[in-house]
Structure formats: structure tokens, C-alpha cells
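Chains as they are written, first to last, in this note's numbering: chain H, 444 to 575; chain U, 444 to 575; chain B, 444 to 575; chain C, 444 to 575. The structure appears below as C-alpha cells.
Protein chains: 4
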Amino acid sequence: MIIDPKSHVPIYKQIAAQILDAIDAGVYRADEMLPSLRALAADIRVNPNTVQRAYDELEREGIVYSKRGVGLFVAGGRTAAARGAAEKKVVKLLRESVLAGQSAGLTPDRIRTLFEYTLSESLSQSERRTRT
Amino acid sequence: MIIDPKSHVPIYKQIAAQILDAIDAGVYRADEMLPSLRALAADIRVNPNTVQRAYDELEREGIVYSKRGVGLFVAGGRTAAARGAAEKKVVKLLRESVLAGQSAGLTPDRIRTLFEYTLSESLSQSERRTRT
Amino acid sequence: MIIDPKSHVPIYKQIAAQILDAIDAGVYRADEMLPSLRALAADIRVNPNTVQRAYDELEREGIVYSKRGVGLFVAGGRTAAARGAAEKKVVKLLRESVLAGQSAGLTPDRIRTLFEYTLSESLSQSERRTRT
Amino acid sequence: MIIDPKSHVPIYKQIAAQILDAIDAGVYRADEMLPSLRALAADIRVNPNTVQRAYDELEREGIVYSKRGVGLFVAGGRTAAARGAAEKKVVKLLRESVLAGQSAGLTPDRIRTLFEYTLSESLSQSERRTRT
DNA sequence: GTGGTCTAGACCACA
DNA sequence: GTGGTCTAGACCACG
């Protein structure tokens, strides 16, 4: 696992993303235990609290579940599988978008701006549909 | 110009993005002067410091240039036109990605996470290519 | 007996609750002996310490009593019957509350927060009454 | 605001609940600013991080929104109003349930157990409906 | 041993 | 000044 402390993306989000990646890649399977808070923290030279925060986020999103005094486990079930498949497709599309932007010489920041714009645009549209 | 103070995107980035949009849309043409710092700040009820930061960012990216004591001007040339076209394509691709995510029931937050992940992935890869 | 290790409710409380349910349902009658610690622990694949804690809680609440070196016995009497009836009523009321919350689109987490709030509110009020 | 550090309910949840209570009671109105992190922390003699956590939870639940460098604000809109009304009803029902339990001599712990049981029961039922 | 919460204090980005 | 993130280290409940 690679952490970039200089990135403006919070470390705990970097951790959460990479754990999720590992799960999707099949490194950890359903109901399998993840590395303990302290073990992972020591491994990547990061404060246990920061790892805790990453795990919190994953648990909130329903990707893992925790058993106090036991450990953290990968949430299983169809939901997870379906989500995984859908996300793979989205990531593939996003990758194309990002590459198109990079080859056109756009800065990462500019690409992010375009993304945020697109996202908020879609949100306000779906909101409008809801109201109608 | 519309500012959304509830968004987690910094206001200065929102301003920079909208000025860029205006330039691409032809509202401001090459070597034309942009609204003065104070004028724009007063217009959108925002701290002048914040507008300053937006202008800084645009200048750093080479989209505008400043004449000391005179004002800020749009940098012209083919680059701007080419960039505009490229961005349109990227936005189109991003829109597809976002829609795919939404129709799969992913939360905006989740889509953003996937985007940030994809972006950082591409960055580290192009970095690796550069080193080689 | 069914234990849900994914639940955030401690396992020992899950055990205690289900034994109490069994008593109320008449599975164990007054002054009848409950399954031994080790037997129950083996049955539900749980650490004996955990079962011990459940039994402790039940004894503290006066629902069972222990005979040293012999076993654990159901405390009998009118109290148990009365309590059983009262609990049925409470569950009925709680069920209405939960259903109202769910049909209003509240998340389970949110409903739990409201419950904890209500409970602590009632506690501080009865405390105040006690002091007066 | 009253905090009970001895309670087993986490302090940050106590804070979140009381802020929510204040909002529902009209102490803070839509788009009004809440007390700053540090101010509130100093007021109730608690670490700023703990208050932060409470605010995080409220923001995640869509009850408040934060503006970096500005402050925390009450989220407005119909959604909030509708939610507020629904929750009031639920709290009223819960209060009846809790009082019924208390007057029957049930311990708070036992009432909580009954609640968790009821909640999980409703959840598994609605899940079953979804699968069908 | 595990996860969950809390404190003390620091640095950063933003307005 | 604000909120957001991070570290260091502590104590607790649980199994």
C-alpha cells in the first residue's frame, strides 16, 4: 500500500480507496478479516487514528463491518458484488475521461474542476426531475 | 456568475472555473480586459482576497496575463481554442461516467472517490513514464 | 439460539436477551436449571467468558440465581410473569415507533439516535424527580 | 448543554443529539451559523476533536453543512422540515414506549435490548420484502 | 489481542 | 478567525 502524505487528498481517503481496491481485486474475500488497525497503521507508518477513520468510512458505506474485540471484516452478499461490477464500469469510463484530458494537456486541477462541474450538473438535474 | 457557498469546492476555484468558462464561451476575447478585482468581488459579494486567489490561479495556468497597474487580460492564441475543444470532449466523457454511476445507484460521494482514485492512478502512471 | 456477530450489540447482551426470551416463553420454568456455562458456550460457538458475562448480567438483574458448584436457576414468582406481560406491551409500542420511523424514510441509525435520546431524556427526568 | 462523561453513550453522540434538539426547538434556524468548533468545545469543556466528530455526524446526516473557513450552518429546505415533523412523531411514540417500560420496572438496559430486537426484526422483514 | 472513544496539541487551507 | 486533518498517546469494552 502506497501513501502520499504530500497529496491534498486526505490520507484516510487514500487508505480507504486502496483497501476497497484490494477487496475488489479479490485480495480480501467476503467475511475475511482485514489487517488490524494497529498492524496496518504500523505497516504504512501512520497514526492508528487515521486508519480508524478510513475503516469508519468503509463501514459507513457498508463495505466492511466491525466486530468489537475481534476485527474488521469484508461485507459480503449480492449487494457488494453488484456494486463492485457497476463501479468497475464507472472507473473504466472515468479512466478514459481522465486520459483524454491529460493527453490534451489539461492540468489535474482543471480536470477535477470539470468533474465537479459535471457532477453538480447531474445532481441539480436529477433534483429537478424529483421536484417535478 | 453563480457561487454556491454550500459546496465543498473552494470559492476561489468556483470563480476561476466560471471565468474560464466565460472565456471559452467568448464572453471575454483575447487581450480583452477582465473585470477589476474589486468590481468582481463587489459583484458576487465575496472577499477581494478570494477573487485575487482565483486570478492568481488563472495566471499561473497561463490563461490570463496581468499588466501591473492596468488590469488582467485574456491570453489569446490557438491554445485557448484547442483547449476549449478538448475540454468539451472531456466533459462529454465525464458526463457519461457520472450518469453510469448514478444509474447504478452510487452516491455522489462514492463517484467522487472513484474519480479521485482514477486521477491519482493516472498521475502516478504518467510520472512513472516520465522517469523511464 | 441465534447470534449475529455482525451486530454492534455485544454478543453477551444478545445471549442474555435470548435467555430471557426463552424464560418468558416458558422454555425454562421457575427453579429449573439453565444449561451449563460450557455447554452453552460450545453450543453457540462462543467464548465461555462471553456466556459468563451474560449470566452475570441476568443474575445482577435478579432474573436467575446461582447455586455454587451446582448451576444456574431461574428465579421464579409473580415478578417474572408480570415482567413478561409488561415487556410484551413495550415491544408492541416500540414496534409502532420503529414502523413510523421507517415509513418516514428514517435510517435505522437515525431511529436509534432518537431512541437513545428519548431514553436518556427519560432517565434524567426520573432522576430529577428522585432528587426532589 | 449538558454532557455526562460517565454515560456509555459517546460524548460526541450526546453533543450531536443536543444540537439537533436545539435545531428542532428553533434555537438555530435554517442557514444560521452554529457555535464554532472551538467555542463550543471550550463551553462544554470538551476536546475540539470531539465536537468536530459530532458536527461530522450531523453533516453526514444532512442536518448541517459546513463552509470551510466560515462556519457551520443549519441545512434548510423542505426535506429538513419534513424530517423534523416525522421525527417529532417518532420521538413521541418512543417516549410512550420508554415510559411504559420504566413504569413496569424495566431497566434501561432491558428497554434498549427490546428496542434493538424490534429494530432488527423490522429490518429483516423489510429486507425479506425487498428480495421477494 | 481487537475496535471505539477521548484528550492534547499541531499544522493546513480557506475567507 | 473558521473548519479539516493528523499525530501521540491514553483508557475502555469486548472476546
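In this text, a Cβ means the ideal position worked out from N, Cα and C, and glycines have one as well. If you're wondering where the values come from, they're calculated on a predicted model, not measured in any experiment.
task: Would you tell me roughly how many angstroms separate the C-alpha atoms of residue 468 of chain U and residue 488 of chain U, rounded to the nearest one?
output: In the second sequence, the residue the question calls residue 468 of chain U occupies position 25. In the second sequence, the residue the question calls residue 488 of chain U occupies position 45. So the alpha carbons of these two residues sit roughly 24 Å apart.
query: residue 509 of chain U bridges to which residues according to DSSP?
result: Here residue 509 of chain U is taken as the residue at index 66 of the second sequence, counted from 1. Answer is U/515.
message: Following a CB-centred definition, is residue 466 of chain H positioned closer than 7 Å to any heavy atom of the ligand GDP?
response: You won't find the ligand GDP in this model; it holds no ligand whatsoever.
message: Since residue 477 of chain H and residue 515 of chain H should fall inside the 8 Å C-beta cutoff, what is the C-beta to C-beta distance between them, to a whole number of angstroms?
response: As a working note, residue 477 of chain H is residue 34 in the first sequence. As a working note, residue 515 of chain H is residue 72 in the first sequence. With a Cβ gap of about 4 Å, residue 477 of chain H and residue 515 of chain H count as contacting.
- request: List the whole-angstrom C-beta distance separating residue 480 of chain B from residue 461 of chain B, where the pair is believed to meet the contact cut-off of C-beta under 8 Å.
  value: To locate residue 480 of chain B, count along the third sequence from 1; it is residue 37. To locate residue 461 of chain B, count along the third sequence from 1; it is residue 18. That belief does not hold up - the Cβ atoms of residue 480 of chain B and residue 461 of chain B are roughly 15 Å apart, past 8 Å.
field: CB contact below 8 Å: residue 448 of chain C versus chain B
entry: Here residue 448 of chain C refers to the residue found at position 5 of the fourth sequence. No, no contact with chain B.
- request: Answer with buried or exposed for residue 540 of chain C, where buried requires no fewer than 16 other C-beta atoms within 10 angstroms of its C-beta.
  value: Against the fourth sequence, residue 540 of chain C aligns to sequence position 97. With 16 or more Cβ atoms within 10 Å of its Cβ, residue 540 of chain C is classed as buried.
- request: Step through the CB atoms of chain B and report whether any lies within less than 8 Å of the CB of residue 496 of chain C.
  value: In the fourth sequence, residue 496 of chain C corresponds to position 53, counting from 1. Not closer than 8 Å to any Cβ of chain B, the Cβ of residue 496 of chain C fails to qualify, so no.
task: In the DSSP assignment, find the alpha helix (DSSP H) that holds residue 480 of chain U and state where it starts and stops.
output: The residue given as residue 480 of chain U occupies position 37 in the second sequence. From DSSP, the alpha helix (DSSP H) with residue 480 of chain U extends over 480 to 486.
task: Compare the C-beta of residue 554 of chain B against all C-beta atoms of chain C and say whether one is closer than 8 Å.
output: The residue given as residue 554 of chain B occupies position 111 in the third sequence. Yes, residue 554 of chain B lies at the interface with chain C (some Cβ there is under 8 Å from its Cβ).
message: Are the CB atoms of residue 524 of chain U and residue 505 of chain U within a distance shorter than 8 Å?
response: The count along the second sequence starts at 1 and reaches residue 505 of chain U at position 62. The count along the second sequence starts at 1 and reaches residue 524 of chain U at position 81. No; because the gap between Cβ atoms is not below 8 Å, this pair is not in contact.
message: Tell me which residues share the same chain as residue 531 of chain C and place their Cβ nearer than 8 Å to its Cβ, disregarding the 5 neighbours each side in the sequence.
response: For the purposes of this step, residue 531 of chain C is taken as residue 88 along the fourth sequence, with counting starting at 1. Only 467 meet the Cβ criterion.
- prompt: Closer than 7 Å, Cβ to any Cβ of chain H: which residues of the region 528 to 544 of chain U, in chain order?
  reply: 529, 530, 532, 533, 534, 536, 537, 538, 539, 540, 541, 542, 543 and 544
query: residue 508 of chain C touches chain U at which residues, Cβ-Cβ below 8 Å?
result: Counting from 1 along the fourth sequence, the entry for residue 508 of chain C is found at position 65. Within 8 Å Cβ-Cβ: 449.
query: residue 575 of chain C to residue 482 of chain C, Cα distance in whole Å?
result: Stepping through the fourth sequence from its first residue, residue 575 of chain C is reached at position 132. Stepping through the fourth sequence from its first residue, residue 482 of chain C is reached at position 39. Low local confidence applies: a pLDDT of 40 at residue 575 of chain C is under 50, so the model's placement there is unreliable, with the coordinate-based value given in what follows. Going from the Cα of residue 575 of chain C to the Cα of residue 482 of chain C covers about 51 Å.
- prompt: Which stretch, first to last residue, makes up the alpha helix (DSSP H) that contains residue 492 of chain C?
  reply: Translated into positions along the fourth sequence, residue 492 of chain C becomes position 49. Unbroken alpha helix (DSSP H) run through residue 492 of chain C: 491 to 503.
message: Comparing C-alpha positions only, which one of C/451, C/471, C/527 and C/444 sits nearest to residue 458 of chain C?
response: Taking the fourth sequence and counting its residues from 1, the one referred to as residue 458 of chain C is at position 15. The option with the nearest alpha carbon to residue 458 of chain C is C/444.
message: Quick check: is the beta carbon of residue 437 of chain C nearer than 8 Å to any beta carbon in chain B?
response: Residue 437 of chain C lies beyond the range of chain C shown here (444 to 575); nothing can be said about it.
- prompt: Over what stretch of residues does the alpha helix (DSSP H) that includes residue 467 of chain U continue unbroken?
  reply: Numbered from its first residue, the second sequence carries residue 467 of chain U at position 24. Where residue 467 of chain U is concerned, the enclosing alpha helix (DSSP H) stretches over 454 to 467.
query: Should residue 512 of chain U be labelled buried (16 or more other beta-carbon atoms within 10 Å of its own) or exposed?
result: Position 69 of the second sequence holds residue 512 of chain U. Per the 10 Å Cβ criterion, exposed.
task: Given a cut-off of 8 Å, decide if residue 551 of chain C and residue 562 of chain B are closer than it, judged by their beta-carbon atoms.
output: For the purposes of this step, residue 562 of chain B is taken as residue 119 along the third sequence, with counting starting at 1. For the purposes of this step, residue 551 of chain C is taken as residue 108 along the fourth sequence, with counting starting at 1. Yes, they are a contact pair.
query: Which chain C residues are close to residue 561 of chain B, counting only those with a beta carbon under 7 Å from its beta carbon?
result: For the purposes of this step, residue 561 of chain B is taken as the residue at position 118 of the third sequence. Going along chain C in sequence order, the residues near residue 561 of chain B (Cβ under 7 Å) are 534, 537, 538 and 541.
- request: With 8 Å as the threshold, decide whether the Cβ of residue 470 of chain B is near any Cβ in chain C.
  value: For the purposes of this step, residue 470 of chain B is taken as residue 27 along the third sequence, with counting starting at 1. Chain C contact via Cβ: absent.
message: Classify residue 497 of chain H: buried if its beta carbon has 16 or more other beta carbons within 10 angstroms, exposed otherwise.
response: Numbered from 1 along the first sequence, position 54 holds the residue referred to as residue 497 of chain H. Residue 497 of chain H should be labelled buried.
- prompt: Taking Cβ-Cβ distances shorter than 8 Å, what residues in chain B pair up with residue 549 of chain C?
  reply: As a first step, residue 549 of chain C is located in the fourth sequence; it is residue number 106 there, counting from the start. Correct list: 526, 529, 530 and 533.
Cβ pair residue 547 of chain U, residue 529 of chain H closer than 8 Å: Counted from its first residue, the second sequence places residue 547 of chain U at position 104. Counted from its first residue, the first sequence places residue 529 of chain H at position 86. A contact, by the Cβ cut-off of 8 Å.
- prompt: Is the beta carbon of residue 536 of chain H sitting closer than 8 Å to the one on residue 536 of chain U?
  reply: The count along the first sequence starts at 1 and reaches residue 536 of chain H at position 93. The count along the second sequence starts at 1 and reaches residue 536 of chain U at position 93. It is a contact, given that the beta carbons lie within the stated cut-off.
- request: For residue 470 of chain H, count neighbouring Cβ atoms within 10 angstroms of its own Cβ and tell me buried if that reaches 16, exposed if not.
  value: As a position in the first sequence, residue 470 of chain H is number 27, starting the count at 1. Exposed, since its Cβ has fewer than 16 Cβ neighbours within 10 Å.
task: Using a Cβ cut-off of 8 Å (strictly closer), state whether residue 557 of chain U contacts chain H.
output: On the second sequence, residue 557 of chain U is found 114 positions in, with the first residue counted as 1. Chain H, which has a Cβ nearer than 8 Å to the Cβ of residue 557 of chain U, makes this yes.
- request: Please go through the same chain and pick out, in chain order, the residues whose beta-carbon is closer than 6 Å to the beta-carbon of residue 594 of chain C, but skip the five residues on each side of it.
  value: It is not possible to answer for residue 594 of chain C, since the shown part of chain C is limited to 444 through 575.
task: Please decide whether residue 517 of chain H counts as near chain U, where near means a Cβ-Cβ distance under 8 Å.
output: Here residue 517 of chain H corresponds to residue number 74 of the first sequence, with the count starting at 1. It does not: the Cβ of residue 517 of chain H has no partner Cβ on chain U nearer than 8 Å.
Any chain B beta carbon closer than 8 Å to residue 465 of chain C: If you number the fourth sequence from 1, residue 465 of chain C lands on position 22. Residue 465 of chain C does not count as touching chain B.
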